[in-house]
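Throughout, my numbering is defined as the position within the sequence shown, counted from one, plus 2. Just so you know, even glycine gets a beta-carbon here, dropped at the ideal spot from N, CA and C.
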Amino acid sequence: MKTILSLSAAALFAASTTQAALVANISGTPGSGQTTWTFSGLAIAVGSGFFEDGNALANNDTWQNFGEYNSINDFENFNVLGDAGLTTDGMTRLIDLAYIDDDADGAPDDWGVGVEGDTDFEFFAGSEISWTDSLTVLGIDINDLNNSGRPIAFLTSNYGSNGDGTLDLELTIAAADIAPVPMPANT
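This is how it looks when you write it as structure tokens:
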């Protein structure tokens, strides 16, 4: 009996440590003109910050300096479909804005999301932040996110102005698997 309990405790500990970051996976079919952004994971904020309300986003409320991964100009898109939600300390808002900054000046690219409502969605040091579900983002093709080949994977903690709202994020960009076309049966 003791062995089973200790294995269960170890499994619970392992499960809690594997969710140490917010996870975003971007996929899409090349040429479709849209991507799917799927959210999971949980992070504990190191500092205070906010997710911008649905009016606009700027570099100071995104994850900054991932690397050169996109070939489009700054992208701020309100054309998102889905029920992805962001939860901070037990309160949830829907994600209604997708943001990419290509930093054409040679600095690494930035990435972020905005939330519904008329006020910023604040968090503080020690806040527990999670997100779930997915969005379809219209107007950006997976080919637009392909400066160095796919899949691309990034890990960053630099969120917000001067990194004050540090949140770990794992971002992966990959083309969706395309099912093979079945061959006609010989008759």
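Assignment of beta strand (DSSP E) within the region 68-137, counting only whole runs of 3 or more residues, yields 77-79, 82-84, 87-90, 93-103, 112-117, 123-125, 130-134 in chain order. Contiguous beta strand (DSSP E) elements confined to the region 30-64 occur at 36-46, 51-53, taking only those with 3 or more residues. DSSP places residue 177 inside the beta strand (DSSP E), whose first and last residues are 171-177.
Taking C-beta separations shorter than 6 Å and ignoring five residues to either side along the sequence, the partners of residue 129 in its chain run 47, 90, 91, following chain order.
The DSSP-derived three-state label of residue 144 is helix. The closest CA to that of residue 40, considering only 162, 145, 132, is found on 132. Between residue 114 and residue 55, the CB-CB gap reaches or exceeds 8 Å.
Note on residue 116: 16 or more other CB atoms within 10 angstroms of its CB, so buried under the neighbour-count rule.
Burial state of residue 94 is exposed, judged by a 10 Å Cβ sphere holding fewer than 16 other Cβ atoms. In summary, residue 64 is buried, with 16 or more beta-carbon neighbours lying within 10 Å of its beta-carbon over all protein chains present. In the three-state scheme derived from DSSP, where H, G and I count as helix and E and B as strand, residue 158 is classed as strand.
Considering only 139, 138, 176, the residue with the shortest C-alpha distance to residue 148 is 176. In this structure, the straight-line span from the alpha carbon of residue 42 to that of residue 158 is close to 16 Å. About 4 Å separates the Cβ atoms of residue 135 and residue 86, confirming a contact at the 8 Å cut-off. In this structure, the beta-carbon distance from residue 171 to residue 24 falls below 8 Å.
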